[in-house]
Amino acid sequence: MIKLCITPYRNSAWQWTGDRYVTVDEGNRVEPFRHPMVEHLAVDDGRRCLIVVRERVADRNVCEPSVRHISPAVYDEAKTALAHWPADYVAVEVTGDEPVRVTAGPCRTTPLYLAHDEVRLYGSWDMAELRAHARQINVREAARLLLYRPRYSHDTLFDGIHRLTERSTAHFGGHLYLRYPEPALHTGPRELTPGADVLGAFAQALDGALDVRPLDAQHTVFHLTGGFDSGTAALRAAQRYPGKLNTAALLIAGPGRAQQVRRRREMRAAVPFGPLDDVVDATVELPLHPACARVRGEPISPYEEPLHHPFTVMAARIAEHGAHTVATGLGGDEMVALSQAEHPHRASGRMEDGEGLPWIGHRVGEVADFSDVGIAPPAPVNSMTLLSLETSAPVLLRAGLWPLHPFADPGMVALGEALPMDWRALKQLQRRRLAALGLSRDVVWPAERESFAEVVATSLITYGKPLLKQILSTGSPLFDTGLIDPDGLARGMQALDHGRYEERRDSQLIEVIHLHQAATAFL
Numbered sequence: 054m055i056k057l058c059i060t061p062y063r064n065s066a067w068q069w070t071g072d073r074y075v076t077v078d079e080g081n082r083v084e085p086f087r088h089p090m091v092e093h094l095a096v097d098d099g100r101r102c103l104i105v106v107r108e109r110v111a112d113r114n115v116c117e118p119s120v121r122h123i124s125p126a127v128y129d130e131a132k133t134a135l136a137h138w139p140a141d142y143v144a145v146e147v148t149g150d151e152p153v154r155v156t157a158g159p160c161r162t163t164p165l166y167l168a169h170d171e172v173r174l175y176g177s178w179d180m181a182e183l184r185a186h187a188r189q190i191n192v193r194e195a196a197r198l199l200l201y202r203p204r205y206s207h208d209t210l211f212d213g214i215h216r217l218t219e220r221s222t223a224h225f226g227g228h229l230y231l232r233y234p235e236p237a238l239h240t241g242p243r244e245l246t247p248g249a250d251v252l253g254a255f256a257q258a259l260d261g262a263l264d265v266r267p268l269d270a271q272h273t274v275f276h277l278t279g280g281f282d283s284g285t286a287a288l289r290a291a292q293r294y295p296g297k298l299n300t301a302a303l304l305i306a307g308p309g310r311a312q313q314v315r316r317r318r319e320m321r322a323a324v325p326f327g328p329l330d331d332v333v334d335a336t337v338e339l340p341l342h343p344a345c346a347r348v349r350g351e352p353i354s355p356y357e358e359p360l361h362h363p364f365t366v367m368a369a370r371i372a373e374h375g376a377h378t379v380a381t382g383l384g385g386d387e388m389v390a391l392s393q394a395e396h397p398h399r400a401s402g403r404m405e406d407g408e409g410l411p412w413i414g415h416r417v418g419e420v421a422d423f424s425d426v427g428i429a430p431p432a433p434v435n436s437m438t439l440l441s442l443e444t445s446a447p448v449l450l451r452a453g454l455w456p457l458h459p460f461a462d463p464g465m466v467a468l469g470e471a472l473p474m475d476w477r478a479l480k481q482l483q484r485r486r487l488a489a490l491g492l493s494r495d496v497v498w499p500a501e502r503e504s505f506a507e508v509v510a511t512s513l514i515t516y517g518k519p520l521l522k523q524i525l526s527t528g529s530p531l532f533d534t535g536l537i538d539p540d541g542l543a544r545g546m547q548a549l550d551h552g553r554y555e556e557r558r559d560s561q562l563i564e565v566i567h568l569h570q571a572a573t574a575f576l
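In my numbering, the protein residues as written are 54 to 576.
Here's what the structure looks like:
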């Protein structure tokens, strides 16, 4: 939601120009993302200037963006109150005698990447704008991604580019220091009182999540995949805004395709949605399509949407039809996830998971045991949810769309933590909510798996093989760092050439392509 370029230890007066905050003599700037769901303000007490870019909150007037001059006492009060803002924010504080401080709020919706040179701090929600500061591949982070073991931390794939995690503060006075917050406290499942209305509490929590921000139903689209999370959120919202909320989705391939069409049709018929339903066929707009920005060599962050091309096409269509906000079901899985104590399971992304991947290089094995080093402490929202939100945001922002994620609301998270296991197992909460709305067994207990696995397979077989052969022919920064073994990659390619596609193994080749494309574009 913000871009910035600041030189510390300067006390020049900041001013609002109509699209950014600047100091004329030093070229400093703080540029908010301009959107009806975002507001910005600045206060100055003569020594300190605090610039805040934040999500708007419902039932509050939009802030006046011009810099306000206030007393030091009022300044301190404003700074303290900011920590209680119920939506996403980024705060930038500049003084003449202290390092620049940049702080992120707990309800992250968009990423903020930071970099610096000898004199200036740079930041952007679009990592591509910082590519000049990418020095080399961060081997530990690359290993996490290649083993599908992502971790929420200040690390990115590139040394020199950093992620500002939730509630973290960046201090820059010539050197950059990133400080994590204290761990967020969490509760566990509670015993329900007799007659407890869980579904009513779920609907109330959804209402609360949607009501925090000033939702404009006429200009909001729900990403209605047909799944349980987007389905329960969209249906509840459509009940409250009948006939106004339009929908969109990517159409999958495989056995679940016809079922997805049926389930989405039944959901849209169950309550009055808006007239538009933008459906993009992902079997036509395949990932790795020659028109994909990643494939064309543009500097796309490795953390952006893995199905980049079809999601970009869908976002463009949504924007063309007049929407400015997209609501999703992201975070629903984590809201009702079972703990290891409730359901013991092997953690994904262990080094053993790389044994069936012949292309995994020796450096991955050397650093895999250190994948939890330097990660962020527990956040109010699950770290996997936060990573998912960062994945989806840049594609939407480039299209002028603001993301809303009801399941990432702290109230929804707290409800999920409190529910007994039998309400969370197999997504019973969402299933029972859909059943209570009168939806059929086909919606509540679908027989077929609905995923993008077949879309990824087709993409790798059609467009992925030539890209992988090109990587083997021309080389890759991933080879140079020992992250990918070229001989092993060639063996993996042989299986694809002979039509022996094995999903659990070969689907991960798309991550090899994504990381190669990012490393090549950034370095």
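Virtual Cβ for every residue (Gly too), placed ideally from N, Cα, C.
C-alpha of Leu521 to C-alpha of Ile123: approximately 59 Å in a straight line. Beta-bridge partners assigned by DSSP to Pro499: none are found. For Lys56, the enclosing beta strand (DSSP E) covers residues 55-59. Secondary structure at His186: helix, using DSSP grouped into helix, strand and coil. Excluding the 5 residues flanking it on each side, Ser65 has same chain C-beta neighbours closer than 6 Å at Thr76, Asp78, Glu79, in chain order. The beta strand (DSSP E) runs lying completely inside the stretch 109-137 and spanning 3 residues or more are 120-122, given in chain order. Under the criterion of beta carbons closer than 8 Å, Arg82 and Cys58 qualify as touching, at roughly 5 Å. The shortest CA-to-CA distance from Asp141 to any of Val366, Glu443, Leu525, Phe532 is the one to Glu443.
Within the model, the alpha-carbon separation for Leu542 versus Gly414 is close to 9 Å.
In this chain, the beta strand (DSSP E) harbouring Leu457 covers 455-457. Annotation: Ala510 to Ile537 spans about 21 Å, alpha carbon to alpha carbon.
In the three-state scheme derived from DSSP, where H, G and I count as helix and E and B as strand, Glu319 is classed as helix. Taking 7 Å as the cut-off, the Cβ atoms of Leu492 and Pro355 do not count as close. In this chain, Leu252 is not harboured by any beta strand (DSSP E); it is covered by the alpha helix (DSSP H) spanning 251-264. For Arg220, the three-state secondary structure derived from DSSP is coil.
Residue pairing of Ile537 in beta bridges, as defined by DSSP: Ile413.
Residues of the same chain with a CB within less than 7 Å of the CB of Val496, apart from the 5 flanking positions on each side, are Arg316, Glu319, Met320, Leu487 in chain order.
Distance from the CA atom of Asp462 to the CA atom of His398, rounded to whole angstroms, is 27 Å. Of Ala181, His377, Val324, Met437, the smallest CA-CA separation from Pro203 is found for Met437. Membership of Glu507 in the alpha helix (DSSP H) is indicated by the continuous run 506-512. If you look at Gly385, you'll find it in the alpha helix (DSSP H) that goes 385-388.
Cβ neighbours of Ala432 within its own chain (closer than 6 Å, five residues either side excluded): Glu219, Ala237. With a cut-off of 8 Å on Cβ pairs, the stretch 260-271 is not in contact with the stretch 357-372, counting fewer than three such pairs. Here the stretch 549-565 lies against the stretch 190-207, with 3 or more beta-carbon pairs under 8 Å apart. Annotation note: the stretch 302-371 contains the following uninterrupted beta strand (DSSP E) runs of length 3 or greater, listed N- to C-terminal: 330-334.
Nearest C-alpha to Gly71 among Glu358, Pro118, Pro234: Pro118.
For Cys345, the closest C-alpha among the options Arg101, Gly517, Arg502 is that of Gly517. The beta carbon of Phe505 lies closer than 7 Å to those of Ile305, Ala335, Leu360 in the same chain, with the five residues before and after it left out. With 16 or more other Cβ atoms inside 10 Å of its own Cβ, Asn299 counts as buried. Among the bridge pairs identified by DSSP, Thr156 is matched with Ala144, Thr222.
Scanning Glu470, Asp170, Asn191, Val434 for the CA closest to the CA of Phe225 turns up Asp170. For the pair of segments examined, the stretch 238-253 was found not to touch the stretch 440-459: the number of CB pairs separated by less than 8 Å stays below three.
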